[in-house]
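Numbering (the working numbering), first residue to last: 3 to 247.
Taking it in order: structure first as structure tokens, then the write-up.
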């Protein structure tokens, strides 16, 4: 029963990622951690998200903005370095509160920035990519920072969704490599049947998302991205506040 529920969470995450370009970890990780435990749950979320990104990359490759990919990914990889240090030296609840507030304020500020003028240039890409890498290591959610950049830069939803796939693929592979080096036995302990189930759940989720994506236009998908970013920030903030009770 637990495994079935975990795989259902993977299906939901993959479907949402197909529709909006992000959201796999935001949707699936909380349930996977609850069902499988903190380490195994995050590993499965990382693996499922990485596979989803790889498959979507192949399908959406013609829409990818490779210049933005390079700068966002470079920033994300740099951001993982201070993120790893902070994750080891700062209390989880303090991190959650700080990151949650940053996402909520940043998302709100992005609407003002978009009205005043389109954000452009390499510096914002490096900065928001760095914020995404930092948040991915410290809180497990890197998507909201990229959503802020997408809104502030008025990036078209189709190109935004496509370009995030190689970004998430690189970040996912780095995360899995770090976990594999640190605890290689954890991957074997889950068993081949779990990994096969995750792969099939990802394929099913992407198929469901493909059907739904035909009914959801770019404008509606962008609204979902914005709502998800706010939800991710609010959930992270709430987790930090509740941890202090």
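All C-beta atoms in this analysis are idealised placements derived from N, C-alpha and C, irrespective of residue type, glycine included.
No experiment lies behind these values; they were computed from the predicted model shown.
Among the options, nearest to residue i - alpha-carbon criterion
i, options, result
"residue 182", "207, 5 and 49", "49"
"residue 171", "52, 134, 154 and 57", "52"
"residue 164", "39, 24, 33 and 62", "62"
"residue 86", "128, 215, 71 and 133", "133"
"residue 242", "77, 7 and 92", "92"
"residue 83", "58, 96, 159 and 137", "137"
"residue 135", "7, 55 and 147", "147"
"residue 22", "123, 109, 130 and 159", "159"
"residue 208", "54, 4 and 3", "54"
"residue 110", "152, 125, 7 and 195", "152"
"residue 232", "192, 178, 150 and 214", "150"
"residue 161", "71, 16, 191 and 27", "71"
"residue 38", "28, 6, 89 and 24", "6"
"residue 122", "47, 155, 144 and 97", "155"
"residue 81", "28, 127 and 227", "127"
"residue 167", "197, 47, 4 and 60", "60"
Range of the contiguous alpha helix (DSSP H) that encloses residue i
i, result
"residue 123", "Note, residue 123: premise wrong, no alpha helix (DSSP H); not H, not E."
"residue 143", "Counting along the chain, residue 143 falls outside any alpha helix (DSSP H), and DSSP gives it neither H nor E."
"residue 216", "Segment: none, residue 216 is in no alpha helix (DSSP H) and carries neither H nor E."
"residue 72", "68 to 91"
"residue 20", "4 to 22"
"residue 160", "159 to 184"
"residue 36", "26 to 38"
Proximal residues to residue i (C-beta, below 7 angstroms), its chain only, five neighbours per side dropped
i, result
"residue 103", "239"
"residue 99", "239, 242 and 243"
"residue 175", "52"
Neighbour flag for residue i against chain B, beta carbons, 8 angstroms
i, result
"residue 56", "As a matter of chain content, chain B is missing from the structure shown, which is built from one protein chain."
Nonlocal neighbours in the same chain, by C-beta distance under 8 angstroms from residue i, ignoring five residues either side
i, result
"residue 185", "41"
"residue 236", "102 and 106"
"residue 188", "41, 42, 45 and 181"
"residue 97", "88, 89, 140, 141 and 242"
Same chain, Cβ closer than 6 angstroms to residue i, five either side skipped, listed in chain order
i, result
"residue 43", "34 and 35"
"residue 131", "74, 77 and 78"
"residue 17", "207, 210 and 211"
"residue 24", "145 and 166"
**Message:** Closer than 8 angstroms is the cut-off here; do at least three beta carbon pairs connect the region 10 to 22 with the region 195 to 210?
**Reply:** yes
**Request:** Flag this pair as touching only if the region 70 to 85 and the region 220 to 230 have three or more C-beta atom pairs under 8 angstroms; answer yes or no.
**Result:** Fewer than three pairs of CB atoms, one per stretch, sit closer than 8 angstroms, so the region 70 to 85 makes no contact with the region 220 to 230.
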